[in-house]
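Below is one structure, written out as structure tokens; comments come after it.
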Amino acid sequence: MSTVGGVLEREHRIIDVGITILAGADPTDVSANQRMAALDAIAMLRRHIYLEEEYLFPPLRAAGLLGPVMVMVLEHGKMWPALDELERLLGDDAFAAAAALCRNLLEQLAAHNLKEERILYPQAEEMLTPGDLDELDHLLATAEIPAGWVCGGVAVD
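Our numbering runs 23 ahead of the 1-based position in the sequence shown.
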């Protein structure tokens, strides 16, 4: 049986692979598959952030993990504009800049994912009720990010 943390960790790995493919690409010869891998990773990361912020983090905050959750939300807020910029760069065929941004994003994700995997995900398995875990498990398989949704850590002008 998969755990919620296990599913989220697998998503981390899949996202990392998609971003790594473009980060290591020759910017003068980026294939359609490399571009698509990066775009798929961006979409998956946005959905992953959405699920965490809307469904995983609220019960963890209520259970007393306000500090660690807020750190994750702030880090999501730093990544979100980078994802916007990466999509723009890919649309403009600015592959050298996109690859550099991917390398920076991978560094951010390495530190961020480690904290989630070592602190928040184990706590979720211990603190959330079976009903919360079942709902989250269902959402991981079915939920889609609503149009226009932006993560909580993004500063609004």
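All C-beta atoms, glycine included, are put in the ideal place defined by N, C-alpha and C.
#1: Between Ala121 and Leu45, how many whole angstroms is the CB-CB distance? I'm expecting something under 8 Å.
#2: Could you tell me the distance, in whole angstroms, from the CA atom of Glu158 to the CA atom of Leu74?
#3: Output needed for Asn136: all residues of its chain with C-beta closer than 6 Å, excluding positions within five of it in sequence on either side, in chain order.
#4: Keeping to the same chain, check which residues put their C-beta closer than 6 Å to that of Leu163; ignore five residues upstream and five downstream.
#5: If Arg84 sits next to Val94, beta carbons under 8 Å apart, how far is it from one beta carbon to the other, in whole angstroms?
#6: Among Val173, Ala166, Leu156 and Pro169, whose alpha-carbon lies nearest the alpha-carbon of Thr206?
#7: Roughly how many whole angstroms lie between the Cα atoms of Val177 and Ser54?
Well, looking at it:
#1: The Cβ separation is near 6 Å, so the contact holds.
#2: Near 11 Å, if we compare the C-alpha coordinates of Leu74 and Glu158.
#3: Cβ within range, chain order: His35.
#4: Contacts found: Val30.
#5: Incorrect: roughly 12 Å between the Cβ atoms, too far for contact.
#6: With the chain covering 24 to 180 only, the question about residue 206 has no answer from this structure.
#7: Their Cα atoms are separated by approximately 31 Å.
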